[in-house]
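K.L.:
For the sequence shown, the residue numbers in numbering that gives the first Met the number 0 are 0 to 442.
C-beta atoms are modelled at their ideal positions from N, C-alpha and C, and glycine is treated no differently.
Predicted model only: the values in this text are computed from it and were never measured.
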Amino acid sequence: MVPETRYARSRGAHLAYQVVGDGPVDLVVFGALISNVDMIWDDPGAARFLRRLSGFTRLIHYDKLGVGMSDPIPGGDMTFEERLDDCRAVLDAAGSEEAVFFGISEGSTLAALMASTDPTRVRGIVMFSGYARLLRAPDYPQGLPAETFARFLDDLDESWDTERLMSLVVPSVLVDPARRAFWQRYFRQSMTPGQFRLQAEQNAAADISEALPLVHAPALIMHGIHDRWIPIDHARYMADRIPGARLLELETGDHFPYSEEVGDRVAAEIEEFVTGARESAAPDRRLATIMFSDIVDSTMTAATTGDRQWIDTLARHDQLIRRELERHGGLEVKHTGDGFMAVFDGPARAIRCGRAITEAVAAMGVHVRIGIHTGEVEQRGDDVGGIAVHIAARVAAQAGTDEVLVSQSIPPLVVGSGLEFEPIGARDLKGVPGEWLLYRAAS
Numbered sequence: 000m001v002p003e004t005r006y007a008r009s010r011g012a013h014l015a016y017q018v019v020g021d022g023p024v025d026l027v028v029f030g031a032l033i034s035n036v037d038m039i040w041d042d043p044g045a046a047r048f049l050r051r052l053s054g055f056t057r058l059i060h061y062d063k064l065g066v067g068m069s070d071p072i073p074g075g076d077m078t079f080e081e082r083l084d085d086c087r088a089v090l091d092a093a094g095s096e097e098a099v100f101f102g103i104s105e106g107s108t109l110a111a112l113m114a115s116t117d118p119t120r121v122r123g124i125v126m127f128s129g130y131a132r133l134l135r136a137p138d139y140p141q142g143l144p145a146e147t148f149a150r151f152l153d154d155l156d157e158s159w160d161t162e163r164l165m166s167l168v169v170p171s172v173l174v175d176p177a178r179r180a181f182w183q184r185y186f187r188q189s190m191t192p193g194q195f196r197l198q199a200e201q202n203a204a205a206d207i208s209e210a211l212p213l214v215h216a217p218a219l220i221m222h223g224i225h226d227r228w229i230p231i232d233h234a235r236y237m238a239d240r241i242p243g244a245r246l247l248e249l250e251t252g253d254h255f256p257y258s259e260e261v262g263d264r265v266a267a268e269i270e271e272f273v274t275g276a277r278e279s280a281a282p283d284r285r286l287a288t289i290m291f292s293d294i295v296d297s298t299m300t301a302a303t304t305g306d307r308q309w310i311d312t313l314a315r316h317d318q319l320i321r322r323e324l325e326r327h328g329g330l331e332v333k334h335t336g337d338g339f340m341a342v343f344d345g346p347a348r349a350i351r352c353g354r355a356i357t358e359a360v361a362a363m364g365v366h367v368r369i370g371i372h373t374g375e376v377e378q379r380g381d382d383v384g385g386i387a388v389h390i391a392a393r394v395a396a397q398a399g400t401d402e403v404l405v406s407q408s409i410p411p412l413v414v415g416s417g418l419e420f421e422p423i424g425a426r427d428l429k430g431v432p433g434e435w436l437l438y439r440a441a442s
């Protein structure tokens, strides 16, 4: 469920913000250049990450002016001092007197400035994919050459190439069609090409090198070793200049902390930084049956039918699947835009639900593929995780049109149910060790 979006007022403009969780410490997220506080919850990785943070803090995050759900920038331009004033307006509206500030990308700049200029409100700062300055200088060789940056902006100005942006800042989503489609929409609906250029040029003009030694709050710096947009040397520079800062280099190329490969690690490090201890309770582990559904050739179908008809089709598709989940005792965990992830207490119910879904949506001209696996999962709030989830997703990726595929774990568990299976052979499941026998569930 998407949290309620509220509005703070600053300099006559409206700033969209959300408060999630009721932990003892406020954690303020200074987002990256591109953000949308409402839409970000539609990405499974981001939603899991934010919920994890809100489990041990009172999480406050907002869209800067000119971005996402907030008003345009008054007058078309603003200084970093004004951005900090906007942050204080959000803090006041949320009733926060002191917080840990978590800066992502350009947000790290604001976190460092907040700590150096308004230390009474700062308990600590966390910086992810941050930098002291964006452009190269004689004393800052890790920066981007000015001419390269200018060409990059010109190219985006003409094409608003969200695919290129994804390859720079969230390369991990490129292998997942659903998340890839989401992030394309997310970039487009977060800001216009003109706003991107305006704020990127302002960021390029900033240099907080002199402010870094004045940060006396505890500081945790995290950065991906393979980050193509802001190389790791930026983080090393800041760690050398912020007194007592701890640098953690992560094995990732993502510029945002939302991927499965790094999100849990980042959240755990922030939890230890904020509370002094990581989550001590063992995760709730149980046996569950996981089902993934996905519309076959959804991008091509959307292009053929047109936006308006496709939106109506998706709404009917979602309604039918949720009806079948309710009928068969399935619990919706995630909605991926053109598919669902659900869990069941037993595999027979999941298979019957899968068959009912394929038949129901086929009647309206939509065709889906479904994958099912039973294994041990970790229950964390409303979400589930673990290798079993990955296996189910990979099984779904192997399915054909209107097919319900199950892993080798399923047939022994449903003996006597009357369900029948057709073996389709052994398959390599990406990221899962060994070969897996897969079976087609008969109609």
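CB residue 59 to CB residue 7, shorter than 7 Å?
P.N.:
It is not a contact, given that the beta carbons lie outside the stated cut-off.
K.L.:
Please go through the same chain and pick out, in chain order, the residues whose beta-carbon is closer than 7 Å to the beta-carbon of residue 280, but skip the five residues on each side of it.
P.N.:
Low confidence applies here, because residue 280 scores a pLDDT of 45, under 50, leaving its location unreliable; read the following figure in that light. Once the five neighbours on either side are set aside, residue 280 has no close Cβ partner at all.
K.L.:
Using 7 Å as the threshold, is the C-beta distance between residue 89 and residue 61 below it?
P.N.:
Yes, they are a contact pair.
K.L.:
Rounded C-beta distance between residue 136 and residue 291? I'm assuming under 8 Å.
P.N.:
Their Cβ separation, rounded to whole angstroms, is 49 Å, which puts residue 136 and residue 291 out of contact at 8 Å.
K.L.:
Do residue 316 and residue 352 have their beta-carbon atoms positioned less than 7 Å apart in this structure?
P.N.:
For residue 352 and residue 316, no; Cβs fall outside 7 Å.
K.L.:
Indicate the three-state DSSP secondary structure (helix, strand or coil) for residue 77 in the structure shown.
P.N.:
Reduced to three states, the DSSP call for residue 77 is coil.
K.L.:
Measure the C-alpha to C-alpha separation of residue 141 and residue 425 and round it to an integer number of angstroms.
P.N.:
Approximately 48 Å between the Cα atoms of the pair.
K.L.:
Given this structure, state the Cα-to-Cα distance separating residue 232 from residue 160, to the nearest angstrom.
P.N.:
Distance between the alpha carbons of residue 232 and residue 160 is about 27 Å.
K.L.:
Where do the N-terminal and C-terminal ends of the alpha helix (DSSP H) with residue 407 fall, by residue?
P.N.:
Premise fails: residue 407 is in no alpha helix (DSSP H) and is neither H nor E.
K.L.:
Compare the Cα-Cα distances from residue 400 to each of 309, 347 and 296 and report the closest residue.
P.N.:
Among 309, 347 and 296, the Cα nearest to that of residue 400 is on 296.
K.L.:
CB residue 20 to CB residue 57, shorter than 7 Å?
P.N.:
Taking 7 Å as the Cβ cut-off, residue 20 and residue 57 qualify as a contacting pair.
K.L.:
Can you look up residue 280 in the DSSP assignment and give me helix, strand or coil?
P.N.:
Here residue 280 scores only 45 on pLDDT, less than 50, and its place in the model should not be relied on; the value that follows carries that caveat. Coil, per DSSP.
K.L.:
If I'm right that residue 439 touches residue 404 with Cβ under 8 Å, what's the distance once you round it to whole angstroms?
P.N.:
Between residue 404 and residue 439 the Cβ distance is about 6 Å, and since that is below 8 Å, they are a contact.
K.L.:
Ignore the nearest five residues each way along the sequence and tell me which others in residue 118's own chain have a CB closer than 8 Å to its CB.
P.N.:
Around residue 118: 215 and 216.
K.L.:
Look at the alpha carbon of residue 28 and the alpha carbon of residue 361, and state the distance between them as a whole number of angstroms.
P.N.:
Rounded to the nearest angstrom, the two C-alpha atoms are 43 Å apart.
K.L.:
Which of helix, strand or coil does DSSP assign to residue 228?
P.N.:
Coil.
K.L.:
Should residue 13 be flagged as near chain C, meaning a C-beta pair shorter than 7 Å?
P.N.:
Looking at the structure shown, chain C is missing, and only one protein chain is on hand.
K.L.:
In this structure, how does DSSP classify residue 52 when only helix, strand and coil are distinguished?
P.N.:
Residue 52: helix per DSSP, three-state reduction.
K.L.:
Quick one: what's got a C-beta closer than 6 Å to residue 320's C-beta in the same chain, skipping five residues either side?
P.N.:
These residues qualify, in order along the chain: 339 and 356.
K.L.:
Quick check: residue 198 and residue 32, are their CB atoms within less than 7 Å of each other?
P.N.:
Against a cut-off of 7 Å, the Cβ pair of residue 32 and residue 198 comes out as a contact.
K.L.:
How should residue 109 be labelled, buried or exposed, when 16 other C-beta atoms within 10 angstroms of its C-beta is the threshold for buried?
P.N.:
Buried: at least 16 other Cβ atoms inside 10 Å.
K.L.:
To the nearest angstrom, how far is it from the Cα of residue 176 to the Cα of residue 334?
P.N.:
C-alpha separation (whole angstroms): 14 Å.
K.L.:
For residue 141, does the three-state DSSP call read helix, strand or coil?
P.N.:
Residue 141 falls in the coil class under three-state DSSP.
K.L.:
Tell me the rounded alpha-carbon separation between residue 15 and residue 346.
P.N.:
Going by the C-alpha atoms only, they are around 43 Å apart.
K.L.:
Since residue 180 contacts residue 298 with CB under 8 Å, what's their CB separation in whole angstroms?
P.N.:
Indeed, because the Cβ distance is near 7 Å, the residues count as touching under 8 Å.
K.L.:
Can residue 111 and residue 204 be called in contact, C-beta distance under 7 Å?
P.N.:
No; because the gap between Cβ atoms is not below 7 Å, this pair is not in contact.
K.L.:
Pull the bridge partners of residue 422 from the DSSP assignment, please.
P.N.:
DSSP, once it has assigned bridges, lists 438 as partnering residue 422.
K.L.:
Throw me the rounded Cβ distance for the residue 52 and residue 266 pair, which I believe falls under 8 Å.
P.N.:
Indeed they touch by this definition, with Cβ atoms about 6 Å apart.
K.L.:
Within 10 angstroms of the Cβ of residue 442, are there 16 or more other Cβ atoms? Answer buried if so, exposed if not.
P.N.:
It is exposed - the Cβ of residue 442 has fewer than 16 other Cβ atoms within 10 Å.
K.L.:
Can you tell me whether residue 169 is helix, strand or coil according to DSSP?
P.N.:
The answer is coil: DSSP assigns residue 169 none of H, G, I, E or B.
K.L.:
By DSSP, does residue 377 sit in helix, in strand, or in coil?
P.N.:
Residue 377: strand per DSSP, three-state reduction.
K.L.:
Should residue 74 be labelled buried (16 or more other beta-carbon atoms within 10 Å of its own) or exposed?
P.N.:
The residue is exposed, with fewer than 16 neighbouring Cβ atoms inside 10 Å.
K.L.:
In the stretch 169–212, which residue ranges form an unbroken alpha helix (DSSP H) of at least 4 residues, counting only runs that do not cross its ends?
P.N.:
Those alpha helix (DSSP H) runs which fall completely within the stretch 169–212 and span 4+ residues are 176–189 and 192–203.
K.L.:
Ignoring anything shorter than 4 residues, give me the alpha helix (DSSP H) runs that lie fully in the stretch 243–323, in order along the chain.
P.N.:
As far as the stretch 243–323 is concerned, its whole alpha helix (DSSP H) runs of at least 4 residues are 262–274 and 297–304.
K.L.:
At which residues does the alpha helix (DSSP H) containing residue 354 begin and terminate?
P.N.:
Counting along the chain, the alpha helix (DSSP H) containing residue 354 begins and ends at 346–361.
K.L.:
Does the beta-carbon distance from residue 220 to residue 246 come in below 7 Å?
P.N.:
Yes, Cβ-Cβ distance for residue 220 and residue 246 is below 7 Å.
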